[in-house]
Each structure stands twice: as structure tokens, then as C-alpha cells.
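Undergrad: This is the structure, below, for whatever I ask next.
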Amino acid sequence: MTIVVDQFSANLFNQYRSRWTGGLRRLSDEGLVSSNGYQTHGLTETCPGHSTVLTGVHPAQTGIPSNDWIDPTTGEEVYCLAAPSNTLAHGGNSDNGPVGPDNIRASSLGDWLKDQRPGSRVFAVSGKDRGAINLAGHRPDGAYWFTDDFGLTTYVEPGQSAPARLAAVDAFNAEFRRRQATTPHAWTYSQPRCHALEARWEINGRTLHSKVPPAKDDFDSSPELDEETLKAAIYLIDTQNLGQGQTTDLLGVSLSATDRIGHAYGTQGPEMCEQMHRLDQALGQFLSRLDTISGGAVVVLTADHGGSDFVERLAQRGSPHAHRIDSAPLAAVNASLRQRFGLDASPLQSGSSGLIVADKAHKTLPEPLRSQIIEAALPMLQTLPDIVFVEARDRLLADPLPDSEQPEILTLRERMRLSAVAERSPDIIMVRAANVTGGGRVGGNIAGHGTPWDYDRRVPILFWKPGASAQERFLPIRTIDIAPTLATVIGVQPPPVSGRALPLWD
């Protein structure tokens, strides 16, 4: 059993650890706890972070550098799990279009299990497609995620039947829709200490009234999303008899609400406070179900990345350097490059963790012009305020993959190398100073992640099974160590990976 809590930083884990009374308390008190876990790479986003958990390798090896990237030949944005030949089982559309595991270049624990024990079943469920698909691997029995007003959906490959792909969750979906229709959505205070965190904040000229329920309150961005995801996980255990047969089964659960709440409201307000307590209670009910599985269960809980708070609150609470970045200096660099190379459009354009060098249609510029612009741009970008690292992708890719056994002392360059992928990473990779961010809109996203700084890289990693002895470990371990560790526990031979199997219980 693998549980990934989206945007669950080690800082957040430590902040609330003493307050929990449910499932997170059980995992903390009864499990093998590493509060110094690491996503070792530099571009700490959801898709690359999930890709490390059950593959045992870095994003540079999974081929997933970010949530999306620009195709240099077409100029089109490509979603990390885009699969144009697939369709969606519910028959509708989604923000990400048709998806599947095609872009993931590494096999995962579910694939190893299927190869060596054909009778094993592999399922995953999440609030997001990239949470479910990354944990399920290439050949699962089911990878499901929530879509608006329907319930759980999945991808359908050519030759497959949508009804057949959804058959395992049809009854759950019917009951989910009944609950949604008959039970009003409710996000209210359950903790007085959370109510005490209410405040008003000015963000880019608009006022955020930080309270519960928030002004924009919906299922997808509330604690209810995780509660329903865990209900779906229990449903799969019950209906598929997971862990109750003659062989080992794998269930991946990715919980998305912490991330959506963190983006919309930050991590230090009443919204996140209530989320932490409701997640704790929901996980308590889930672990109670695992207690009764006849074949036993081994659980690992971690995160795809961490996160910080919105910079206005950080600045008021002792971090005066935290602020939103001004885009004007980059405009000046583009103006200089247009004049120098006689261009009719700005050649440096936003591309995930850096900049692509492209024409007005976002298509890559031809050589040698592309390389000439990169070489001219690098020294100018290095002088911009709040920019602490700038490098050409191709030059970074020439570095060997660094040894990440000591993730806390990796250099900035090494962290970004572990995220870099040819053709998919931007032409120029840039890093902002810690707690310096761009954009921000009340009603949209006001806080984020994605940096190589430790508040985004450090995550908890907890191993648990019913009746095991508790243990604290302070030395750093990595999310890429999870897959080979679980493989060893269940007696499956992994292929060569970058992670290592950790000793667990005696």
C-alpha cells in the first residue's frame, strides 16, 4: 500500500504531528518514521514527484521533468501524461485531455509485480490523473481519479471498452453521485485553534479573507476530496479482495486536497489547519480497515513534494525577503536580444522551470541561431534580481547524474540535473531565490512549489504495518528508496534502479 499526500512537506508533518489523534497519529506513533525524507531533484512538481515514488529512479530517468512542457517542433504545450491515442472512460473531457502512462520511461513496482507474479492485482486511485497513473505503472488492473459530477474515471486505450474499464468502480460511482446529490457539501470548523487563524491578506491588489469555508468552496479543493478518495480505496479493497488472496497485491492512493488547498490558501491558515485534522481522521478510518485484512498489509506514506506559504504571510512572519518577482527585467533582456539578432518576437518564453528559445508560434528556433541566443542570454539572465541559477539545458545534460545518497548536500546544479530531460526540459533552466515567486491571484493560486529549496524537497517517509514496533530515523532517505524497499519486503526483484532497499523491521 502506497499513500502519497500531495504537497505534504516535512515542515507541515512536523508542525501538526503532536496535534493528530487519528491515522496520522497512528502512523507517527506506530510506524518507522523518517521525517527527513527527500525528493532529491530540483523541479518539485506533482508529476515528477509521483514518478519517483514507485520507480526507484529520478525524474531525469523517468522522463518526467515537470507537469507539462513545450514540444519544440510544434510549439504546443504537452501534458506530462498526455496520450493522444487514448480516450477518457466517462466520455467527457478534462483539463489535461486524453492521458495514460506512455510518457513514463521507467517501469514501476506494479510492473515488476505483474511480471513476476501474474496473479497479483495493481490498482491506484487519486484526486488527480497524474497521481493515479504514476502509482499504477504501465499495466495496472485499474487507475482511477475523480472528475467533476461523475466520480471515478480512467483512460481507455485503443481496442479497450470504456464500460469494461469502469466496471470495477461502477457501484462506487453510483453511490458517490447519490451522496453528492443528497448530502450538502460542508466545510466547517471542527478545531477551535483553526478558527483562531482567520485573517485578511492583501495579495496583488485583492483581499483574501482566510477562513472556513473559503469564498470559493467546492469538492475538488476541500478536505472532502481526500475523504472520498480513501472511501474509494476501501471500496477497491473490499470488492477486489485486495491483500486477501494467495499473492501480493498493490494499491496506490494519492491524496490531492492538501495540494489544492495549499495553492489556493497557503499552508499556515485555517484552511490547511482543518485539512490536516480531517485528513488525520479519514486516514484513521482507512487504517482501521487495513487492520482487518487477512493477508496483512504494509503501508508507506510520503509526498510528491513539499510547499511553502504565500509570501505576504511569510514576509510578515519573519521572512522579509519573501516577495513576488517583477517580470520587467526579463522583458528588458528580450528587448536586447530582439535588437541584437534582428528578431520580430521575444525569443525567451516561459517554459516550466525556465525559458524556451522560440519564435512567436513557440516553435524552437533553428541552429545556430538558437545556440547563439542562449549564449547571449545567459550572462544577462545571471544578473537579474532574485535569480540564483541559470544554465543551458544541453550543458546541464552533459553532466553525469550525481550520486544522491546524501540528498541534503546536493548542490543546486546537481538538484537541477536530476530533473533535466532532453527535449522536454526548457532550453534555459533558471532558479529563483528561496521564497521568491511570481504571479498570484486571489481566487486562483497564491502559493506554490516547484523549487529546489528544502521546503519543497523535504517530505516525510513513513513505513507501517499492523503490530510493528515504532522507530524514529533522523538520517535522510529518498523517495527513490521506497520502490526497492517494498520490492525487498514482498520478495520481488527490481531492475537496476538509483534507490536502495532500506532495512525495515527485524
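The letter at position 264 of the sequence shown is residue 264 when you use this note's numbering, and the numbering goes up by one with no holes.
All C-beta atoms in this analysis are idealised placements derived from N, C-alpha and C, irrespective of residue type, glycine included.
No experiment lies behind these values; they were computed from the predicted model shown.
1. When you compare each of Asp141, Ser469 and Val388 to Arg26 by their alpha carbons, which one comes out closest?
2. Going along the chain, which residues of its own chain have a beta-carbon closer than 7 Å to the beta-carbon of Pro329, five neighbours each way excluded?
3. May I ask you to list the residues that DSSP assigns as paired with Arg473?
4. Ignore the nearest five residues each way along the sequence and tell me which others in Arg340's own chain have a CB closer than 7 Å to its CB.
5. Taking 7 Å as the threshold (C-beta atoms), are Gly467 and Pro484 in contact?
6. Could you spell out where the beta strand (DSSP E) holding Phe310 opens and where it closes?
7. Which first and last residues belong to the beta strand (DSSP E) in which Gln349 is found?
8. I'd like to know whether the C-beta atoms of Val5 and Leu255 end up nearer to each other than 7 Å.
9. Measuring CB atoms only, is the segment 280-299 touching the segment 432-439, in the sense that at least three cross pairs come out at less than 8 Å?
10. With distances taken from CA atoms, which of Leu348, Gly127 and Glu227 is nearest Trp509?
11. Following the continuous alpha helix (DSSP H) through Trp112, name the residue where it begins and the one where it ends.
12. Would Val156 and Ala89 be called neighbours here (beta carbons separated by less than 7 Å)?
13. Could you tell me the distance, in whole angstroms, from the CA atom of Gly439 to the CA atom of Leu208?
14. Using the rule of at least 16 other Cβ atoms within 10 Å of the residue's Cβ for burial, across every protein chain shown, is Trp453 buried or exposed?
15. So for Pro158, helix, strand or coil by DSSP?
16. So for Phe8, helix, strand or coil by DSSP?
17. So, do the segment 43-60 and the segment 134-141 have three or more beta carbon pairs nearer to each other than 8 Å?
18. Below 6 Å CB to CB, which residues in the same chain sit around Leu355 once its five sequence neighbours on both sides are set aside?
19. Can you name, in chain order, every residue of its own chain whose Cβ lies under 8 Å from the Cβ of Leu412, other than the five neighbours on each side?
20. Taking Cβ positions, are Ala358 and Leu397 nearer each other than 7 Å?
21. Per the DSSP calculation, Phe389 is bridged to which residue(s)?
22. Comparing C-alpha positions only, which one of Asp218, Lys363 and Cys47 sits nearest to Gln7?
23. From which residue to which residue does the alpha helix (DSSP H) around His50 run?
24. Is Thr302 helix, strand or coil when you go by DSSP?
25. Just how far apart, CA to CA, sit Gln316 and Phe310?
26. State the Cα-Cα distance for the pair Ala143 and Pro368, rounded to the nearest angstrom.
27. Can you tell me where the alpha helix (DSSP H) holding His195 begins and where it ends?
28. Suppose you measure from the CA of His195 to the CA of Ala264; what does that come to, to the nearest Å?
29. Using a threshold of 7 Å, state whether the C-beta atoms of Tyr235 and Val212 are closer than that.
30. Could you pull the start and end residues of the alpha helix (DSSP H) that Val509 belongs to?
31. Quick check: the segment 214-223 against the segment 98-114, are there 3 or more CB pairs under 8 Å?
32. Report the start-end ranges of each beta strand (DSSP E) in the segment 474-504 that is 3 residues or longer and not cut off at the edges.
33. Quick one: measure Cβ to Cβ for Ser308 and Ala447, integer angstroms, because I've assumed they're closer than 8 Å.
34. Tell me which residue opens and which closes the beta strand (DSSP E) that Leu250 is part of.
35. In whole angstroms, what separates the C-alpha of Asp280 from that of Glu472?
36. List the DSSP bridge partners of Asp68.
TA: Well, looking at it:
1. As a working note, residue 26 is residue 26 in the sequence shown. It is Ser469 whose Cα lies nearest to the Cα of Arg26.
2. The count along the sequence shown starts at 1 and reaches residue 329 at position 329. For Pro329, same chain residues with a beta-carbon under 7 Å away, outside a window of 5 residues either side, are Leu384 and Pro385 in chain order.
3. Working through the sequence shown from its first residue, we reach residue 473 at position 473. Its beta-bridge partners are Ser34.
4. Here residue 340 corresponds to residue number 340 of the sequence shown, with the count starting at 1. Excluding residues within five positions, the ones whose Cβ falls inside 7 Å are Ala376.
5. Indexing the sequence shown from 1 puts residue 484 at position 484. Indexing the sequence shown from 1 puts residue 467 at position 467. Against a cut-off of 7 Å, the Cβ pair of Gly467 and Pro484 comes out as no contact.
6. Position 310 of the sequence shown holds residue 310. For Phe310, there is no enclosing beta strand (DSSP E), as DSSP gives it neither H nor E.
7. Numbered from its first residue, the sequence shown carries residue 349 at position 349. From DSSP, the beta strand (DSSP E) with Gln349 extends over Leu348 to Gly351.
8. Against the sequence shown, residue 5 aligns to sequence position 5. Against the sequence shown, residue 255 aligns to sequence position 255. Taking 7 Å as the Cβ cut-off, Val5 and Leu255 qualify as a contacting pair.
9. no
10. Given that the chain is displayed from residue 1 to residue 506, the structure contains no residue 509 and the question cannot be resolved.
11. Working through the sequence shown from its first residue, we reach residue 112 at position 112. Leu109 to Gln116 is the span of the alpha helix (DSSP H), which, as asked, contains Trp112.
12. As a first step, residue 156 must be located in the sequence shown, where it is residue number 156. As a first step, residue 89 must be located in the sequence shown, where it is residue number 89. It is a contact, given that the beta carbons lie within the stated cut-off.
13. Residue 439 sits at position 439 when you count from the first residue of the sequence shown. Residue 208 sits at position 208 when you count from the first residue of the sequence shown. Their Cα atoms are separated by approximately 15 Å.
14. Indexing the sequence shown from 1 puts residue 453 at position 453. Result: buried.
15. The sequence position of residue 158 within the sequence shown is 158, counting from 1. Three-state DSSP puts Pro158 in coil, outside helix and strand.
16. Translated into positions along the sequence shown, residue 8 becomes position 8. Phe8: coil per DSSP, three-state reduction.
17. yes
18. Locating residue 355 in the sequence shown gives position 355, where the first residue counts as 1. Hits under 6 Å: Leu348, Pro426 and Ile428.
19. Your numbering for residue 412 matches position 412 in the sequence shown. Counting only Cβ-Cβ distances below 8 Å, and skipping sequence neighbours, we find Gly42, Val388, Phe389, Val431 and Pro452.
20. Position 358 of the sequence shown, counting from 1, holds the residue named residue 358. Position 397 of the sequence shown, counting from 1, holds the residue named residue 397. Cβ atoms of Ala358 and Leu397: not closer than 7 Å.
21. By one-based count along the sequence shown, residue 389 stands at place 389. Looking at the DSSP assignment, Phe389 forms a beta bridge with Val431.
22. Locating residue 7 in the sequence shown gives position 7, counting from the first residue. Ranked by Cα distance from Gln7, the first of Asp218, Lys363 and Cys47 is Cys47.
23. Within the sequence shown, numbered from 1, the residue matching residue 50 stands at position 50. Per DSSP, His50 belongs to the alpha helix (DSSP H) from Thr46 to Val53.
24. Counted from its first residue, the sequence shown places residue 302 at position 302. Residue state, collapsed to three classes: strand.
25. Taking the sequence shown and counting its residues from 1, one reaches residue 316 at position 316. Taking the sequence shown and counting its residues from 1, one reaches residue 310 at position 310. Those two C-alpha atoms are separated by around 11 Å.
26. The residue given as residue 143 occupies position 143 in the sequence shown. The residue given as residue 368 occupies position 368 in the sequence shown. About 44 Å.
27. Translated into the one-based positions of the sequence shown, residue 195 becomes position 195. Start and end: Pro192 to His195.
28. The residue labelled residue 195 in the question sits at position 195 within the sequence shown. The residue labelled residue 264 in the question sits at position 264 within the sequence shown. Cα to Cα, the separation comes out at about 18 Å.
29. Indexing the sequence shown from 1 puts residue 235 at position 235. Indexing the sequence shown from 1 puts residue 212 at position 212. Not a contact, by the Cβ cut-off of 7 Å.
30. Any property of residue 509 remains undetermined from this structure, which presents the chain solely from 1 to 506.
31. no
32. none
33. Counting from one through the sequence shown, the residue named residue 308 turns up at place 308. Counting from one through the sequence shown, the residue named residue 447 turns up at place 447. Between Ala447 and Ser308 the Cβ distance is about 7 Å, and since that is below 8 Å, they are a contact.
34. Here the question's residue 250 lines up with position 250 in the sequence shown. From DSSP, the beta strand (DSSP E) with Leu250 extends over Leu250 to Leu255.
35. Here residue 280 refers to the residue found at position 280 of the sequence shown. Here residue 472 refers to the residue found at position 472 of the sequence shown. Asp280 and Glu472 have their C-alpha atoms some 20 Å from each other.
36. Residue 68 sits at position 68 when you count from the first residue of the sequence shown. DSSP output for Asp68 lists Tyr79 as bridge partner(s).
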